[in-house]
Structure formats: C-alpha cells, structure tokens
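Protein chains: 2
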Amino acid sequence: MKAVCLLSGGLDSTVLLGLTQDEGYDPIALSVIYGQRHVTEIAAAREVARFYKVPHFVVDLGDSLKPILKGSALTDASVEVPEGHYAAENMALTVVPNRNAILLSLATALAVSQGAEVVRFGAHAGDHAIYPDCREEFVTPFSDAMRAGNQPATVVVEGPFLHISKTDIVRMGYDLGAPFELTWSCYKGGAKHCGRCGTCVERRLAFEDADLSDPVEFEDPTYAFQVKAPS
Amino acid sequence: MKAVCLLSGGLDSTVLLGLTQDEGYDPIALSVIYGQRHVTEIAAAREVARFYKVPHFVVDLGDSLKPILKGSALTDASVEVPEGHYAAENMALTVVPNRNAILLSLATALAVSQGAEVVRFGAHAGDHAIYPDCREEFVTPFSDAMRAGNQPATVVVEGPFLHISKTDIVRMGYDLGAPFELTWSCYKGGAKHCGRCGTCVERRLAFEDADLSDPVEFEDPTYAFQVKAPS
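Heads up: the protein sequence lines correspond to chains Y and V, in order.
Just so you know, we're using numbering that gives the first Met the number 0 here: the first sequence kicks off at 0 and counts up by one.
Just so you know, we're using numbering that gives the first Met the number 0 here: the second sequence kicks off at 0 and counts up by one.
In structure tokens form, the structure reads like this:
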C-alpha cells in the first residue's frame, strides 16, 4: 500500500519515512517550498529520499503564500528567528498560520492522484505546546474531512509520532538506521546547525537524553544545555 | 467582523460575497490560481471585488500543483472538458483532487493573518452529486480542524449555500443586486461562455428556473435546454 509522507528534510520526517518503509508501505515523499527563510532543508529532503530510494515530489509554491502567511519568523525575513527552548513562549513566533493544514491538503491531493490511502506527517508530542496543528484535536477531524472530501478514494491522515517524544524518535531512528547525517533541523540556514534556535536546542537535548551522538555539527554546541525549559 | 470569502469569479462566489457584505461582515476576498486551464475567472474575480470595494488577495501558485493534481479536466490540458449536464457521470473528470481543502486551508491562513473569524465558500446543493468536497460531511470536520489547528485564533469554515440550489442562489443574487454581468462560470476560456460545459449548462438552467435573464452571452445558447439530466 502506498503512503504519502511529508518530508521536510528534518529529523522527525526522516525517521517517519524510515518507519513507514519498515512497516511495509511503499512511501512517496512530498516536500513543499512555501516560503521558508532558507531551502537548506529541501536539499536535505532530496538526499533523504535518495537514501530510501523513494519517489520524491517537490511542490515549489515560491513566494506565492507570502501575502497570506505574514508574521512568522519562518517565512517573514523581517521577523528574527528566536533562540531558546523549543517549548518557550517566544517560539510562538515560529508558528506559520495553518501550515500543517496547507501541507496535508497538498499531500492528500497527491495521495488521491497516486492511489495512496495513507498520508503521514512527523508532528510529535513536543510540538503540542507551541503548534496547535500538531495535536490530535486537529489531526482527527482533519483526517475525517480528507476521507469525506475525496470519495470514492479513501485517505486517512496519520501522525504516528503525535504521542511520542523527540527522544523516542531519535531512539527509533537509531534502531531503524535512519541517516541522521543527511537531515537538517535548524530554523536558520547557515553552513552548520546554529545550536541556538528552538529546533536545534530540542535536537541537542533529545540526542543527549537518548544517550546517542548526533552526527551533524553545531555552531554553538553547548548553548542547548544552558537553556532553561519553561516551567 | 472580518470574513474571508473564496472568490473564483463565478456566480456562486460572487453572490456569496454580496450576501456576506449584506449580513454586515467586512469581507476579504481570496482568489487562488492553482493551474486552471484559463484565468478568465480571475479577471472576473478582480472586477467583482472592485464592485464590492473589498480587499482582494490573489495567490498565484503557478504551475506548482500540476504534478500532484494530474487527471482533472480543469487543470490538465490533455483531458478534454466534458459537455453535458452538471450532475452527469462524465463530470467526474472535472474533479480536482482535494481542491476545496487546499483552497480553504489557504483561506484559513489568510483569516488567521488578517484576524478574520469566518471563512466562507460558495459550494451549493447541486455540487454534491459530483464533488465530495462540497458536502456537509466534508465541511463540518474541516471546520473543526481549522478551529483546533489555529488556537488561540478561532476560525470557522462555512458553506452558506450547502443546502440551497443554484436557482436559489440566482434569485438571491438578483435580490441583492449582484453583478452577474461581471461573473465568469465557463470551464473553457473562450471569448463568450460556451454554453455546453457542465457549469454553463447548470447556469442556463438555473436562470431559466428562476425566470430571470442572464446578462452574460453564450456561444451556444440552446444546448442547455436539450441536455437530459441524469436520472
């Protein structure tokens, strides 16, 4: 059975692709360029799809969404990328309005076109604090809508990591032999991961917590361990 | 209160915009170029938005969705636009995979960015036969997902015409003084409406049924009245 997997090129979606293949699906990877500050992660996604030898669709929306997505640090160059803990309040600046609905709607269209019955994305438990579109309360009705809206095709939308932590994803990726070295997590687009933005901090702490070493390099490798989690 | 209204430039979305303004909302119109065979309807949308003096956002996705929307007569030039009754079986060729979810996801993003609490689109009862994403079974869970996925913003998605006929929309538009002459319904992009594609036939029959005259011109003005509705 075919399964469309959203692939950002980050760690979570890479492990998701590996898991989906491991479970016996034929994965189809989909990456979307929607106005991110940098496309380093798309280059990573290409490498990851090549690693898994899966078809990879890239939808390049160019700057078309800029007028409707204003105000997020991830798509608006006038807003600075915040540093600190992933679950801290200032990370709200990295919310892109309705992002997952947009991405999952495109993924569902691809699923219908390709005869896939499953759409998956890599939202995990640690995302819940900041991103409302990474919660079960969003995914369940959204999946119901996709199923009803594409009859006679039947598509379900799944977030297999919705209730597991980043640490568990790292452990799972390690067990599955996921190519961590090919992934890109940083919200900034430098030569190395910055080590200071929310997603870098989260990644550092997850590898530490899993007692595994991360093959990617960080500009500031110690910052993550000095940051306080929000109480 | 602000309300984002999807505006294709067709009759239904034009009346919807008029109704929404009449109900006291401040409408914001959104048109999306997603790979339609022609952009005549976008030009119509601009005229309609100007008529109502409302802000009009146009998101131009260019050809970016082509690879994921293959197989629809509306986006794939290699598939011929079918002629006949709107509810006939061959109209399934005009289904664009997951179109309304994509459009409404973008509209919801705009609503969140603009502080609008309502998103509306013009799907009507006659659409149900062919388009599963024009049914209550799609709209209700989709609206729930949009509400949950954008906390603390609260957005509801509404299809005010879901349970009324095209004839009733024509009557309502007439009562509201909607600029029918500015609208474009035809699936083909000729100089005049063709009069033979599903949406032209539907429009002809609705005006006839409402006992009103349609100000737009048709290449073949009689075809609609010879076509048999599916039993």
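Built from N, CA and C at the ideal position, the CB exists for glycine as well.
C-beta neighbour in chain Y for Leu5 of chain V, strict 8 Å: Interface flag for Leu5 of chain V against chain Y is unset, since no Cβ pair is found closer than 8 Å.
Neighbourhood of Leu64 of chain V by C-beta distance below 6 Å, restricted to the same chain and skipping five residues each side: Hits under 6 Å: Tyr33 and Gly34.
Spatial neighbours of Glu40 of chain Y in its chain, beta-carbon cut-off 7 Å, leaving aside the 5 residues before and after: Listed in chain order, the non-local C-beta contacts of Glu40 of chain Y below 7 Å within the same chain comprise Ser7, Gly8, Gly9 and Trp183, local neighbours out to five positions each way being set aside.
Exposure label - Glu82 of chain V; buried when at least 16 CB within 10 Å: With a 10 Å radius around the Cβ and a threshold of 16 neighbouring Cβ atoms, Glu82 of chain V comes out buried.
Under the three-state DSSP convention, the category Asp210 of chain V falls into: In the three-state reduction of the DSSP assignment, Asp210 of chain V falls in the coil class.
Leu92 of chain Y beta carbon less than 8 Å from that of Leu29 of chain Y: No, Cβ-Cβ distance for Leu29 of chain Y and Leu92 of chain Y is not below 8 Å.
6 Å Cβ shell around Pro26 of chain Y - same chain, five flanking residues per side excluded: If you ignore the 5 residues before and after Pro26 of chain Y, its C-beta comes within less than 6 Å of the C-beta of Ala2, Cys4, Leu16, Thr19, Gln20 and Val53, all in its own chain and listed in chain order.
Per DSSP, cross-strand counterpart(s) of Arg146 of chain V: Partner(s): none; Arg146 of chain V has no beta bridge.
Amino acids of chain Y, ordered along the chain, whose beta-carbon sits closer than 7 Å to that of Arg119 of chain V: In chain order: nothing, as chain Y lies at least about 16 Å away.
Given His162 of chain Y as reference, the closest of Y:Cys193, Y:Arg134 and Y:Asn149 once Cα atoms are compared: Cα-wise, what sits closest to His162 of chain Y is Y:Arg134.
Every unbroken alpha helix (DSSP H) within the segment 6-53 of chain Y, with a cutoff of 4 residues, ordered by chain: Within the segment 6-53 of chain Y, the complete alpha helix (DSSP H) runs of at least 4 residues fall at 10-21 and 39-51.
Interface residues of chain V facing Arg202 of chain Y [CB-CB closer than 9 Å]: For Arg202 of chain Y, there are no neighbours in chain V by C-beta distance under 9 Å, as the nearest C-beta there is about 24 Å away.
Cα-Cα separation, His84 of chain Y to Phe160 of chain Y: About 20 Å.
Chain V contact for Phe137 of chain Y (CB, 8 Å cutoff): Interface with chain V (8 Å Cβ-Cβ cutoff): Phe137 of chain Y is included.
Chain-ordered neighbours of Pro96 of chain Y on chain V, where CB pairs are closer than 9 Å: Listed along chain V, the residues sitting closer than 9 Å to Pro96 of chain Y by beta-carbon distance are Thr107, Ala108, Leu109, Ala110, Val111, Ser112, Asn149 and Ala152.
Length of the line joining the Cα atoms of Ser12 of chain Y and Asp208 of chain Y: The C-alpha of Asp208 of chain Y is placed about 20 Å away from the C-alpha of Ser12 of chain Y.
Helix, strand or coil at Cys185 of chain V [DSSP, three-state]: In the structure shown, Cys185 of chain V sits in coil (DSSP, three-state: anything other than H, G, I, E or B).
Proximity test, Cβ basis, 8 Å: Arg45 of chain Y and chain V: Look at Arg45 of chain Y: its C-beta is not under 8 Å from any C-beta on chain V.
Short-range partners of chain V found in the segment 172-206 of chain Y, where Cβ spacing is below 9 Å: Across the segment 172-206 of chain Y, no CB contact with chain V closer than 9 Å is found for any residue.
The segment 133-150 of chain Y touching the segment 143-162 of chain V, judged by at least three CB pairs closer than 8 Å: Verdict: yes, contact present.
Near-chain V residues of the segment 53-66 of chain Y - C-beta to any C-beta below 8 Å: Those residues of the segment 53-66 of chain Y that come within reach of chain V (Cβ to Cβ, closer than 8 Å) are Phe56, Val58, Asp59, Leu60, Gly61, Ser63, Leu64 and Pro66.
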